[in-house]
Amino acid sequence: MSSRPATACGQTEAQPAGVPADGPARAARAPGRRRAGGRVDGDAGMCARHRVGSGAALEPEAPPPRASRPTTAAPDEAARHTRAEVNLAHVRHNLRELEACLGSVAAAAHGCTPERTPQIWAVLKADGYGHGGRAIATTLERAGVRGLCVALLEEGIELREAGVRCPILVMGGYYGRQRDGIENLVAHDLTPVVYDAGQIETIASTLRYLRDIGGLAPGRERYRVHLKIDTGMGRLGVPDGELGAVLEALRAEREIELDGLMTHLACADADSLAATEHQLDRFARGCQRVAQAGLRPKLRHAANSAALLRLPHAHLEVVRPGIALFGVHPCEGRSSLVPRAPHLRPVMRVLTEVVALRNLGAGESLGYGHTWRTERPCRIATVPVGYADGLSRALSNRGALLVGGRRAPIVGTVSMDLTMLDVTDIPGVRVRDEVVVLGEQRGPHGTDEITATEVAGLTSSIAWEVLTSISRRVPRFYRHG
Ligand SMILES: Cc1ncc(COP(=O)(O)O)c(C=O)c1O
Numbered sequence: 050m051s052s053r054p055a056t057a058c059g060q061t062e063a064q065p066a067g068v069p070a071d072g073p074a075r076a077a078r079a080p081g082r083r084r085a086g087g088r089v090d091g092d093a094g095m096c097a098r099h100r101v102g103s104g105a106a107l108e109p110e111a112p113p114p115r116a117s118r119p120t121t122a123a124p125d126e127a128a129r130h131t132r133a134e135v136n137l138a139h140v141r142h143n144l145r146e147l148e149a150c151l152g153s154v155a156a157a158a159h160g161c162t163p164e165r166t167p168q169i170w171a172v173l174k175a176d177g178y179g180h181g182g183r184a185i186a187t188t189l190e191r192a193g194v195r196g197l198c199v200a201l202l203e204e205g206i207e208l209r210e211a212g213v214r215c216p217i218l219v220m221g222g223y224y225g226r227q228r229d230g231i232e233n234l235v236a237h238d239l240t241p242v243v244y245d246a247g248q249i250e251t252i253a254s255t256l257r258y259l260r261d262i263g264g265l266a267p268g269r270e271r272y273r274v275h276l277k278i279d280t281g282m283g284r285l286g287v288p289d290g291e292l293g294a295v296l297e298a299l300r301a302e303r304e305i306e307l308d309g310l311m312t313h314l315a316c317a318d319a320d321s322l323a324a325t326e327h328q329l330d331r332f333a334r335g336c337q338r339v340a341q342a343g344l345r346p347k348l349r350h351a352a353n354s355a356a357l358l359r360l361p362h363a364h365l366e367v368v369r370p371g372i373a374l375f376g377v378h379p380c381e382g383r384s385s386l387v388p389r390a391p392h393l394r395p396v397m398r399v400l401t402e403v404v405a406l407r408n409l410g411a412g413e414s415l416g417y418g419h420t421w422r423t424e425r426p427c428r429i430a431t432v433p434v435g436y437a438d439g440l441s442r443a444l445s446n447r448g449a450l451l452v453g454g455r456r457a458p459i460v461g462t463v464s465m466d467l468t469m470l471d472v473t474d475i476p477g478v479r480v481r482d483e484v485v486v487l488g489e490q491r492g493p494h495g496t497d498e499i500t501a502t503e504v505a506g507l508t509s510s511i512a513w514e515v516l517t518s519i520s521r522r523v524p525r526f527y528r529h530g
């Protein structure tokens, strides 16, 4: 949970007025635009009523893009130019693309009755996959998602405090050792995922206690939960052998209403779908046992992004996409796996700028451990981004960042706060030129893009980890278009 109060519509600051999508650093260099402390004035914001600054007067001909203040670091703390730009219009676009996938499947299967189109419950754990959970949640709720899923109780509370009203499923299943975790859950109207009889009994006894002390709102006497069935992930969820006891507990506790049944797929993005089909069969059998026990949950869900895109029969009543909403195709580079690939747009760009330049002669070494040595006279740019920001140290002497629309190889060891780039082959690089760490850059030398999937490939990781690694000290700036 952020220590900062909810500021989705807080005072605006941050994005320079009139900044082109690809050029905050360039625009920031325009004379008269910087104020003391290195900040840039701007007319930008999610809420017009909070607008500050005088961007229009500074650059009347260019309508400023809308952006809000960062949520992970206050502007005054963010004197460094390194930042993440989060494009909320792209989130909405990706949602529409996923809806279109569901819609076409529903149309084919059921004659397009809206009731039969699966609901989308967006997975926004880990601060919305690193994009800022509150802004993404409010954007998606306004755009029509029917529910949200988080891992932690505190993530759910954060979204409620940001004003989210739709159901929020807390998937992690741990609500603290004390009763106050469950009390918090109830106070914030969060839907717990349960998978053992003990959890069910604890929730029920907490509800009885709250009812007895008059702490339950009228109509809240029965509390909705979702039951997770383990069908092969082997992580969380009730195993086959314990399902009987869990169903007994659900039937016994009148305070609890079983509203949903879920499972999680381990291999939906794998080349072979055999393991996933096996999991779906086991889930279907689990659902049957629930029905035989006389329980009637309204919602069944199993599909993550990959299953949403690949497996229409896994859609059921609810789908739970995460990564696809952030513009990453879960099977990127393996297009044959997805017959109707949606056109997803990456949501996050990470930018920084050149802070120092130096010329090195042939045969000089640089960076911690002197892991790189020049073979010719080189021009080296230093950028203020490092592994503490989420730029993996595994990119040392391997990856590249974009300068002027062209790749500049990372040379030497990525350090905690700083990274060096070989810009010898990129003419005219100057201090304060924009550098793109993640995302697209259009520049004088071309257009290129570094995707989370590409970085993951270089670092033996996955796009999920690349995005969620962009750390708290990188302020997020929100754009609407
Ligand atoms: C239980 C559960 N459901 C859905 C998702 C969403 O997965 P994806 O990001 O692959 O769409 C996750 C993410 O890890 C998850 O843990």
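Our numbering numbers the first residue of the sequence shown as 50 and each following residue consecutively.
Glycine residues also receive a C-beta, built at the ideal position from the N, C-alpha and C atoms.
So for Cys198, helix, strand or coil by DSSP? The residue labelled residue 198 in the question sits at position 149 within the sequence shown. In this structure, Cys198 counts as strand in the three-state DSSP scheme.
Could you check if Ala372 belongs to the surroundings of ligand 1, using beta carbon to heavy atom distance under 7 Å? To locate residue 372, count along the sequence shown from 1; it is residue 323. Correcting the residue type first, residue 372 is Ile in the shown sequence and not Ala. Ile372 Cβ: within cutoff of ligand 1.
Tell me whether Met397 counts as near ligand 1, meaning its Cβ is closer than 7 Å to at least one heavy atom of that ligand. Working through the sequence shown from its first residue, we reach residue 397 at position 348. It does not: the Cβ of Met397 is nowhere closer than 7 Å to a heavy atom of ligand 1.
Exposed or buried, what is Asn143 when buried is set at 16 or more other beta-carbons lying within 10 Å of its beta-carbon? What you label residue 143 is simply residue 94 of the sequence shown in a count that begins at 1. Under this definition Asn143 is a buried residue.
Decide if Thr131 is buried, meaning its Cβ has at least 16 other Cβ atoms within 10 Å, or exposed. Indexing the sequence shown from 1 puts residue 131 at position 82. Thr131 should be labelled buried.
Just to confirm, does Asn233 get its C-beta within under 7 Å of one of the non-hydrogen atoms of ligand 1? In the sequence shown, residue 233 corresponds to position 184, counting from 1. No; taking the cut-off as 7 Å, the Cβ of Asn233 has no heavy atom of ligand 1 nearer than that.
DSSP on Thr325, reduced to helix/strand/coil? To locate residue 325, count along the sequence shown from 1; it is residue 276. Helix.
Short check: CB of Gly343 to CB of Arg394, under 8 Å? Within the sequence shown, the letter at position 294 stands for residue 343. Within the sequence shown, the letter at position 345 stands for residue 394. Going by C-beta atoms, Gly343 is not nearer than 8 Å to Arg394.
Pro391 CB to nearest heavy atom of ligand 1 below 7 Å: Taking the sequence shown and counting its residues from 1, the one referred to as residue 391 is at position 342. Flag unset: Cβ of Pro391 not near ligand 1.
For Ser414: DSSP bridge partner residues: Counting from 1 along the sequence shown, the entry for residue 414 is found at position 365. In the DSSP assignment, Ser414 is bridged to Arg422.
Of all the options Asp471, Thr401 and Met469, which has the alpha carbon lying nearest to the alpha carbon of Ala128? Taking the sequence shown and counting its residues from 1, one reaches residue 128 at position 79. Comparing Cα positions, the closest option is Thr401.
Return the CA-CA distance between His275 and Ala373, expressed in angstroms with no decimal places. Working through the sequence shown from its first residue, we reach residue 275 at position 226. Working through the sequence shown from its first residue, we reach residue 373 at position 324. C-alpha separation (whole angstroms): 23 Å.
Nearest-angstrom Cα distance between Asp245 and Ala323? Counted from its first residue, the sequence shown places residue 245 at position 196. Counted from its first residue, the sequence shown places residue 323 at position 274. Using only the alpha carbons, I get a separation of about 28 Å.
Kindly indicate which three-state DSSP category Lys277 falls into: helix, strand or coil? By one-based count along the sequence shown, residue 277 stands at place 228. Secondary structure at Lys277: strand, using DSSP grouped into helix, strand and coil.
If we count Cβ pairs, one from each stretch, closer than 8 Å, do we get three or more for the stretch 317 to 331 versus the stretch 291 to 299? no
Look up Trp513 in the DSSP assignment and give the residues it is bridged to. Residue mapping note: residue 513 aligns to position 464 of the sequence shown, counting from 1. For Trp513, which the question treats as bridged, DSSP gives no partner whatsoever.
Same chain, Cβ closer than 6 Å to Gly492, five either side skipped, listed in chain order: Position 443 of the sequence shown, counted from the start, is the residue given in the question as residue 492. Result list for Gly492: Gly453 and Gly454, in chain order.
Would you tell me roughly how many angstroms separate the C-alpha atoms of Gly182 and Leu208, rounded to the nearest one? Counting from one through the sequence shown, the residue named residue 182 turns up at place 133. Counting from one through the sequence shown, the residue named residue 208 turns up at place 159. Each residue's alpha carbon lies about 7 Å from the other.
Do the stretch 217 to 232 and the stretch 255 to 263 make contact, defined as three or more Cβ pairs closer than 8 Å? In short, these stretches touch, since the Cβ pair count reaches three.
In the structure shown, what three-state DSSP assignment does Glu297 receive? Translated into the one-based positions of the sequence shown, residue 297 becomes position 248. Helix.
Given 8 Å, three or more beta-carbon pairs between the stretch 436 to 444 and the stretch 502 to 517: yes
Measure the CB-CB distance between Met469 and Val460 and report whether it falls below 8 Å. Walking along the sequence shown from the start, residue 469 turns up at place 420. Walking along the sequence shown from the start, residue 460 turns up at place 411. Contact: yes.
What did DSSP end up calling Asn353 once you bin it into helix, strand or coil? Within the sequence shown, residue 353 is the residue found at index 304, counting from 1. If DSSP states are grouped into helix, strand and coil, Asn353 belongs with coil.
Have a look at Arg331 and Cys316 and give me their C-alpha separation to the nearest angstrom. The residue given as residue 331 occupies position 282 in the sequence shown. The residue given as residue 316 occupies position 267 in the sequence shown. Cα to Cα, Arg331 sits roughly 14 Å from Cys316.
How do the stretch 193 to 200 and the stretch 168 to 182 stand: do at least 3 beta-carbon pairs fall below 8 Å, yes or no? yes
State the beta-bridge partners of Gly488 as determined by DSSP. Counting from 1 along the sequence shown, the entry for residue 488 is found at position 439. DSSP output for Gly488 lists Ile499 as bridge partner(s).
Per DSSP, which one or two residues make a beta bridge with Thr473? Stepping through the sequence shown from its first residue, residue 473 is reached at position 424. None; Thr473 has no bridge partner.
Which value, in whole angstroms, describes the spacing of the CA atoms of Thr166 and Arg214? Residue numbering aside, residue 166 sits at position 117 when the sequence shown is read from its first letter. Residue numbering aside, residue 214 sits at position 165 when the sequence shown is read from its first letter. Taking the straight line joining both Cα atoms gives about 21 Å.
Check each candidate in His237, Glu203 and Arg228 and name the one with the smallest Cα separation from Gly221. The count along the sequence shown starts at 1 and reaches residue 221 at position 172. Minimum Cα distance to Gly221 is reached at Glu203.
Less than 7 Å between C-beta atoms, sequence neighbours within five positions excluded: which residues of the same chain meet that for Ser354? Residue numbering aside, residue 354 sits at position 305 when the sequence shown is read from its first letter. The residues are Pro370, Gly371, Ile372, Ala373 and Pro379.
Taking just the CA atoms, how far does Gly177 sit from Arg522? Looking up residue 522 in the sequence shown gives position 473. Looking up residue 177 in the sequence shown gives position 128. Using only the alpha carbons, I get a separation of about 16 Å.
Do you know offhand how far Pro216's Cα is from Ser510's? Residue numbering aside, residue 216 sits at position 167 when the sequence shown is read from its first letter. Residue numbering aside, residue 510 sits at position 461 when the sequence shown is read from its first letter. Roughly 32 Å separates the two Cα atoms.
Out of Leu415, Ser385 and Leu444, which one is the CA nearest neighbour of Ala501? As a first step, residue 501 must be located in the sequence shown, where it is residue number 452. Closest option to Ala501, Cα to Cα, is Leu444.
DSSP state of Tyr527 mapped onto helix, strand, coil: Position 478 of the sequence shown holds residue 527. If DSSP states are grouped into helix, strand and coil, Tyr527 belongs with the strands.
Inter-residue spacing [alpha-carbon to alpha-carbon] between Asp261 and Gly212: Taking the first residue of the sequence shown as 1, we reach residue 261 at position 212. Taking the first residue of the sequence shown as 1, we reach residue 212 at position 163. Spanning the alpha carbons of Asp261 and Gly212 requires a straight line of approximately 29 Å.
Same chain, Cβ closer than 8 Å to Ser153, five either side skipped, listed in chain order: Locating residue 153 in the sequence shown gives position 104, where the first residue counts as 1. Sequence-distant partners of Ser153 (beyond 5 residues in either direction) whose C-beta falls short of 8 Å from its own C-beta, in its chain, are Arg389.
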